[in-house]
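To start, the structure itself, in structure tokens.
Number of protein chains: 2
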Amino acid sequence: MQRKDFFKGLALATVSAPIVIKALGGGGEVTAQHEAPGVISGKRYKWKMVTTWPPGFPVVGEGCELFAEKVRVMSGGRMEIEVYGGGELVPALEVFGAVSDGAAEIGHGAGYYWAGRVPAAQFFTSVPFGMNAQGMNAWIINGGGQKLWDELYADYNLVPVPAGNTGVQMGGWFNREINSLADFKGLKMRMPGLGAKVLQAVGGAAVLVAGSELYTSLERGVIDATEWIGPYHDYLMGFHQIADYYYAPGWHEPGSVLEMTFNKEKFDALPADLQEIMKTAAHWSNLWMLSEFEAKNSTYLAKIRQETDVEIRSFTPDTLNGLRKAAATVVAEAGDKDAASRKVYASFKQFQEATARWSSFSERLYYEDLQ
Amino acid sequence: MQRKDFFKGLALATVSAPIVIKALGGGGEVTAQHEAPGVISGKRYKWKMVTTWPPGFPVVGEGCELFAEKVRVMSGGRMEIEVYGGGELVPALEVFGAVSDGAAEIGHGAGYYWAGRVPAAQFFTSVPFGMNAQGMNAWIINGGGQKLWDELYADYNLVPVPAGNTGVQMGGWFNREINSLADFKGLKMRMPGLGAKVLQAVGGAAVLVAGSELYTSLERGVIDATEWIGPYHDYLMGFHQIADYYYAPGWHEPGSVLEMTFNKEKFDALPADLQEIMKTAAHWSNLWMLSEFEAKNSTYLAKIRQETDVEIRSFTPDTLNGLRKAAATVVAEAGDKDAASRKVYASFKQFQEATARWSSFSERLYYEDLQ
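So the protein sequences, as listed, match chains A and B. Counting from 1, position 21 in the first sequence corresponds to residue 27 in the numbering used here; the numbering is continuous, with no gaps. Counting from 1, position 222 in the second sequence corresponds to residue 228 in the numbering used here; the numbering is continuous, with no gaps.
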């Protein structure tokens, strides 16, 4: 795929990644359709799913299409879902409101996009130095997070389900070496959300640049650095052609949960089988997207290594320690924003601490000494 | 729960963990049933699911029950599944054959239980110094593993789906310090499967002890050490009462996939909606069980710390390096056992190497420097 094609129709992105590429086709396996469904009859539904992603957006947009197809098959054709990219039916950042109001029945996006309206929502996506995918899933699914999320979103007439995860993201593309925390001083870097506040706290200049203008801004030196997602999406954006250094890890987004939301009133009115079919398919998307991110990022990291002379580096432990200290203040402030944030953050923090102790005897040792 | 109750009815375990406890109740959330299903009619099925786990076995047996309940709701009551513990309908280690023959329509267990009959199967569970849960899921779901697994099991009239994962296990309970590889010399340790071969290669004596006799064997010094699963299940077994040291990590099982199998002939004859409902629910179980293991292990590691004076330790990097070298030979031999093993192992190994390079910039840095 050429960068030019990739950029075709590139949408405005104020918070994070929305970009447009042509639909990449399937990937997820759906049982062959030669068998007729076993359902004889039942009321039929046509629902709309609005997303914050451009149509066919790799991994995430594809996962939404696969979700819709799974639901169609599981429901014996009773539930047909049309998936819309950001801007096709409503602007990307109005997904939350559109599903809340019932303009569409389903939404897919990320909680931190609506942090301005619902500050506690970002704890259900990712915060700097927060939990990774495994931790977020354990907290939400089995550690009490889902109940708090249900309560929070019920006030907006929404039912939330975790339905995708990016895994640990990359730290970004730089045209300056970052050898210590001091090197962030004066650095003009595209960085959204709480990450921007951390960057500012260590002396950097966080800049908001739309996804469609990122390549040109970095190429012309309007910015010194930009974060995006991980090797797969970053490669498609072409940053390796214009940046010298690619730093890891994405301390600002260690495992972003992508959320599916249902209009609560309409969801509650559905028969029980269709409710369960949609929730279960959303959970399927959660694992499929994470696994697809892992598989594709492995492949594309190798491509970047082989095809380019970009230096792929890790931030030094000291640099990360400095960022962590700055993040602690920023995240604690976000967790004290309102009553809902205090409640959610308390649960998040407690789970993160418990799981960190366990993973120091499990996953951490796996990555350090087993693999 | 008292250890005595936990042991009540403890089943024979030749390969790994089957033990019996009382059913622990729900945990997974299933949409409320006040809404009638939307399905008006359709053929009804009553299927049997045989498992290698005792009824109500924490996390895993519970997950099977939740799977059956989800399928019942999603199918509008058309598919009812009765879950049997190991030994209730067929012996635990005959699950593979029973589903293959059609004595039961569904099975739940782990591929390495049938390594004697299908050597390549263990690569779809876990091998010493193999991949963790995230790697196994990415390989199976999005890295070509599922296709190889389908081919392998089709010869046995089975359709396999990943439906659970233990996460990184613990290294076991010891009444001797393990400070270096040399300390394994002469150590009598309960260790099944390929792990046993690795233990023998470094001078230990791998012993096969049934789960029901493990506590007594360790207490009386018949064995010096035993592995089991992780903090939650190990605590319920009571090992903290009779062992001095609890070592991490479980190098022999870094992320064991639990498998669901369907009788292929019967599965293929199902209508498409029920096929998709069951596969999707199995994927749901995969994520639910892993998340439940993570949440419960975090809690129970803390309990072991607080309630006992067991020393929780990590093997030294040198010790693990020695085990890794021994494992490389053992695993390569297993991967060269027959044509199917060679094909599966080649794919497994290639994916493991690619994902290891990517995770050295993502998950590894997360565990070392972010959390």
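From the three backbone atoms N, C-alpha and C, an ideal C-beta is built for every residue, glycine too. On a predicted model such as this, the values are computed, not experimentally measured, just so you know.
Cβ shell of A287/A (< 8 Å), same chain only, five flanking positions each side left out = F73, K76, V77 and M80
key: Per-residue contacts from D279/A into chain B (C-beta, under 8 Å)   = P43, G44, V45, V79, M80, S81 and G82
message = Strictly under 8 Å for the Cβ-Cβ distance: is A202/A near chain B by that measure?
response = no
message = Beta-carbon within less than 8 Å of W290/B's beta-carbon, same chain only, minus the 5 sequence neighbours each way: which residues are those?
response = F73 and K76
Where R370/A falls: helix, strand or coil (DSSP) = helix
CA nearest to the CA of E157/A, picked from F367/A, R370/A, A346/A and F354/A = A346/A
task = Please check the pair M137/B and Q358/B, which I expect to be a contact at CB under 8 Å, by giving their CB distance rounded to whole angstroms.
result = 5 Å
ask   = Under a CB-based cut-off of 8 Å, is A29/A close to chain B?
value = Here the model assigns A29/A a pLDDT of 33, short of 50, so the residue's position is not dependable and the matter cannot be decided.
task = Report the neighbours of D102/B on chain A: residues whose CB is nearer than 8 Å to its CB, in chain order.
result = What sits at residue 102/B in the sequence shown is Phe, not Asp. The premise fails here: F102/B is roughly 22 Å from chain A at the closest Cβ pair, so nothing lies under 8 Å.
query = Could you give the residue range of the alpha helix (DSSP H) that holds W53/A?
reply = It is not in any alpha helix (DSSP H) - W53/A instead sits in the beta strand (DSSP E) that spans Y51 to T57.
request  = For M80/B, name the three-state secondary structure that DSSP assigns.
outcome  = helix
query = Leaving out the 5 sequence neighbours to the left and right, which residues in its chain are closer than 7 Å to A202/B when beta-carbon positions are compared?
reply = A212
request  = Can you pull the chain A residues whose beta carbon is under 8 Å from the beta carbon of F135/B, in chain order?
outcome  = L376 and Q377
ask   = Sorted by chain position, which residues of the same chain lie with C-beta nearer than 8 Å to A104/A's C-beta, five sequence neighbours on each side aside?
value = V56, L95, V96, A110 and G113
task = Could you tell me whether any Cβ in chain A is nearer than 8 Å to the Cβ of N269/B?
result = no
message = Quick check for students: name the residue ranges of the beta strand (DSSP E) that lie wholly in the segment 58 to 131 of chain B, counting only runs of 3 or more.
response = 85 to 90 and 112 to 115
request  = Just the C-alpha distance for Y118/A and Y252/B, rounded to the nearest angstrom, thanks.
outcome  = 40 Å
task = Mind checking which residues open and close the alpha helix (DSSP H) that includes A338/A?
result = P323 to A340
task = Keeping to the same chain, check which residues put their C-beta closer than 8 Å to that of G33/A; ignore five residues upstream and five downstream.
result = Only weak support exists for where G33/A lies, its pLDDT of 39 falling under 50; the coordinates are left without a value.
query = Whose CA, out of W294/A, N163/A and I46/A, lies closest to the CA of G149/B?
reply = W294/A
ask   = Are the C-beta atoms of F73/B and some chain A residue less than 8 Å apart?
value = no
request  = Report the neighbours of N143/A on chain B: residues whose CB is nearer than 7 Å to its CB, in chain order.
outcome  = L293 and S297
request  = Check each candidate in L376/B, S132/B and Y51/B and name the one with the smallest Cα separation from H258/A.
outcome  = L376/B
inquiry  = So for P166/A, helix, strand or coil by DSSP?
reply    = strand
key: Interface partners of A216/A on chain B, CB under 9 Å   = Simply none; closest approach about 26 Å.
query = In terms of alpha-carbon separation, which member of T325/A, A308/A and K331/A lies closest to A360/B?
reply = A308/A
request  = Check A362/B in the structure and name its three-state DSSP category.
outcome  = helix
ask   = Using the beta-carbon of each residue, which ones in chain A are nearer than 9 Å to N185/B?
value = Near N185/B there are no residues of chain A at all, since even the closest Cβ is about 15 Å away, more than 9 Å.
inquiry  = Strictly under 8 Å for the Cβ-Cβ distance: is K309/B near chain A by that measure?
reply    = no
task = Kindly list, in the order they appear in chain A, the residues whose Cβ is closer than 8 Å to that of N148/B.
result = G33, W294, S297, E298, E300, A301 and K302
request  = Under 7 Å Cβ to Cβ from V45/B, same chain only, skipping five residues before and after it: list those, please.
outcome  = G82 and R84
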